[in-house]
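K.L.:
So for the sequence shown, this note's numbering puts the first residue at 299; every next one is plus one.
First the structure, then my questions, so here it is.
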Amino acid sequence: MMGEAGFAQALRHRLVRDTAREVIREPGRSLTGGDLLRRADAIAAWLVRQPGCADIPTLGLALHRNSWMIAAALACWRLGKTALFLDPRLSPADAKGWLRRAGPLVILASQARLRDVDAAVLLLPDPDDLPLAGFTPCHPLANQIAEFITSSGVSGEPKLIPLDQRRLLDMALEAARDGRRGPWGQALSPLSVAFGGSRHIWWRNLLAGKRIHAMELLFSIPELDRALRRPEVEECSLPPHLIRALLDHAARDPGPVPRYPHLLKLQSIGGPAPVADKLAAQARLCPGYLMTYSSTETGVISHISGADLQRKPASCGRISLPSGGGLDIVDPDGTVLPPGRTGRIRVTRPPLGDGVSRQAFPGDHGWLDGEGFLFVAGRGEGIICRYGVNFSADVLEAKLMSSGLLRAVAVLPLRDAAREDGLAIAVLPLDLAAKGIGPALRRHLVSHEQPEHLIRLAPADLTAGGKIPRAALVERLRLAPQDLTFI
């Protein structure tokens, strides 16, 4: 397979081999490799007939079914184009932002509300209703851009990191072969493939011939629990707030302990998880619980599970970068600090095809202990000064999470020309129907921690990767506070 021109060609060859075999199972539908290829070719033929699409190099994909997104990416590659995966819930303002940021671009969407945003938005019919028609396929070269990894945009505008066909193939093969993410198998996929961590599980499994079990993107915690208990599901990757919600559900709906003993792996992705949640997930949900620490630019940096988690539950685990990579803790001048000293986390990525190593900063501060375990102290910009008191946003978030009332929280400093000490706190309650959550949370806060705005979020407000969109919330608070729910 390594002799292939790149990922698109390798995946197509695999799906041809799996023409009659189920590769995706979704609610009410089973897709074989042949079904997926036919769907991709039908989308490609439809795109060819759309005015103005032929000369656009990149297609943004914002579709409400993961299998549609995957088929649309295959269609992009059949037409020699690049795929840009976007959150299917994107608003008209989001769409305009992407057209400005990543143009020239056509966005392929399934939301009627985007119809009037711009001529560069196309509404895709149900791919199964599209006829197969002739078109001239392309065969992407190894150095052609296949897709972009996009950062979450939690703290600013999303970054776009291009992946060519060769690099995407190497990443999929590496994910299948190395042990940094633990054992794997048939995967339950509840998150949108707009989130890179979810998408690359699809690429790995499709290329390796392992079935994907796709959920509807709008699901309840009981539905997720039932899906995880299916014996054919072997792994699942979830952000920390969903694992916390599963723990709460298990406490209210008693069952076997551990609840998912058949899973090879229950992986926590998207940021460090609270210590109590890590230990409880390993004991009560799945002995194969594994937490990974990663970033958009570096991929997996460290992981922790098993006996290491029992010994050092506050740690993000041992460094697990590919051969040729490394991690240092550095001071503001870039000087490497010894074990036990806190500084900025710096990752050296192994060389790509050009033989050049590159450095990246995940954005966190932390330290290494004497055994090489990584501890994350928090974001570098997390110190707040209010009423003459300095305190840490990360410590305040941990304090609120310890209340037992929340799935997720974000402390949002508000700074403008008028004042430097404004504060908002956004929360996603553990019990989405809970009343009186505002007064209950404020009782945990001393005077300088009391926010001007306490914002109640719903699961739909999170990013595709399950994070609170901090920068976007600050902007909404400034421009459209009427659209927020205050408590």
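Ideal placement from N, C-alpha and C gives every residue a C-beta, glycine not left out.
The model shown is predicted, which means the values in this text are computed figures rather than measured ones.
What does the alpha-carbon distance come out to for the pair L728 and S592?
P.N.:
Rounded to whole angstroms, L728 to S592 spans 25 Å at the Cα level.
K.L.:
Kindly identify the DSSP beta-bridge partner or partners of Y591.
P.N.:
The partner list for Y591 (beta bridge, DSSP) reads S600.
K.L.:
My output table needs one value for V744: the three-state DSSP class, helix, strand or coil.
P.N.:
Correct three-state label for V744: coil.
K.L.:
Assuming contact is defined by CB atoms lying nearer than 9 Å, are V725 and I682 in contact in what I supplied?
P.N.:
Cβ distance not < 9 Å, so V725 and I682 don't count as in contact.
K.L.:
Where does V314 sit, in a helix, a strand or coil, going by DSSP?
P.N.:
In this structure, V314 counts as helix in the three-state DSSP scheme.
K.L.:
Rounded to whole angstroms, what is the Cα-Cα separation between R465 and Y685?
P.N.:
Roughly 51 Å separates the two Cα atoms.
K.L.:
Based on the DSSP output, what are the partners of N688 in its beta bridges?
P.N.:
Beta-bridge pairing links N688 to C683.
K.L.:
Hey, out of P620, A612 and D575, whose CA is closest to L666's CA?
P.N.:
Selected option, being the one with the closest Cα: A612.
K.L.:
Alpha carbon to alpha carbon, how far is R310 from L504?
P.N.:
Going by the C-alpha atoms only, they are around 10 Å apart.
K.L.:
In three-state DSSP terms, what is Q565?
P.N.:
Three-state DSSP puts Q565 in a strand.
K.L.:
For a quick check, are the C-beta atoms of W396 and G432 less than 9 Å apart?
P.N.:
Their beta carbons are not under 9 Å apart, which means W396 does not touch G432 by this criterion.
K.L.:
Please name the residue in S690, I723 and L712 whose C-alpha comes closest to that of A706.
P.N.:
The shortest Cα separation from A706 among S690, I723 and L712 belongs to I723.
K.L.:
Who does P711 pair with in a DSSP beta bridge?
P.N.:
L721, per the DSSP bridge assignment.
K.L.:
Pick out whichever of G720, I753 and E747 has its Cα sitting closest to the Cα of G734.
P.N.:
Minimum Cα distance to G734 is reached at I753.
K.L.:
Considering only C-alpha positions, which residue in the set F446, L536 and N441 is nearest to L486?
P.N.:
The residue with the shortest Cα to Cα distance from L486 is L536.
K.L.:
Can you name, in chain order, every residue of its own chain whose Cβ lies under 6 Å from the Cβ of D385, other than the five neighbours on each side?
P.N.:
Result list for D385: A492 and A762, in chain order.
K.L.:
For the putative contact between R509 and Y558, defined by C-beta atoms under 8 Å, what is the C-beta separation to the nearest angstrom?
P.N.:
At roughly 17 Å, the Cβ-Cβ gap does not stay under 8 Å, so R509 and Y558 are not in contact.
K.L.:
Output needed for T356: all residues of its chain with C-beta closer than 6 Å, excluding positions within five of it in sequence on either side, in chain order.
P.N.:
Closer than 6 Å at the Cβ level, and outside the excluded window around T356, lie T380, L382 and L403.
K.L.:
Just the Cα atoms here: how many angstroms apart are K394 and R413?
P.N.:
Each residue's alpha carbon lies about 12 Å from the other.
K.L.:
Quick check: A318 and G332, are their CB atoms within less than 9 Å of each other?
P.N.:
Yes; because the gap between Cβ atoms is below 9 Å, this pair is in contact.
K.L.:
Could you check whether the region 515-525 touches the region 538-553, counting it as contact only if at least three pairs of C-beta atoms, one from each stretch, sit closer than 8 Å?
P.N.:
As far as the Cβ criterion goes, the region 515-525 touches the region 538-553, which means the pair count is three or higher.
K.L.:
Taking 8 Å as the threshold, find out whether the region 641-650 comes into contact with the region 621-632 through three or more Cβ pairs.
P.N.:
In short, these stretches touch, since the Cβ pair count reaches three.
K.L.:
Quick check on the burial criterion: 16 or more other C-beta atoms within 10 angstroms. Buried or exposed for V419?
P.N.:
Per the 10 Å Cβ criterion, buried.
K.L.:
For R411, is the classification buried or exposed, using 16 other Cβ atoms within 10 angstroms of its Cβ as the cut-off for buried?
P.N.:
The residue in question, R411, is exposed, as its Cβ has fewer than 16 Cβ neighbours within 10 Å.
K.L.:
What do you reckon, are the CB atoms on Q463 and L430 nearer than 9 Å?
P.N.:
No, the pair does not count as a contact, with Cβ atoms beyond the cut-off.
K.L.:
Which of the three DSSP states is assigned to A444 in this structure?
P.N.:
Of the three classes helix, strand and coil, the one that applies to A444 here is strand, per DSSP.
K.L.:
Is the region 627-634 touching the region 688-702 in the sense that three or more CB pairs, one from each, lie closer than 8 Å?
P.N.:
Verdict: no, contact absent.
K.L.:
In the region 481-544, which residue ranges form an unbroken beta strand (DSSP E) of at least 3 residues, counting only runs that do not cross its ends?
P.N.:
Entirely contained in the region 481-544, the beta strand (DSSP E) runs reaching 3 residues are, in chain order, 485-487, 510-512 and 533-536.
K.L.:
So R642 is in the beta strand (DSSP E); what residue range does that whole segment cover?
P.N.:
Per DSSP, R642 belongs to the beta strand (DSSP E) from G641 to R647.
K.L.:
List the endpoints of the continuous alpha helix (DSSP H) containing P390.
P.N.:
Run containing P390: P390 to A400, per the alpha helix (DSSP H) assignment.
K.L.:
Closer than 6 Å by C-beta to P620: which residues in its own chain qualify, once you throw out the five before and the five after it? Chain order, please.
P.N.:
P648.
K.L.:
Do P585 and P538 have their C-beta atoms closer together than 9 Å?
P.N.:
Their beta carbons are not under 9 Å apart, which means P585 does not touch P538 by this criterion.
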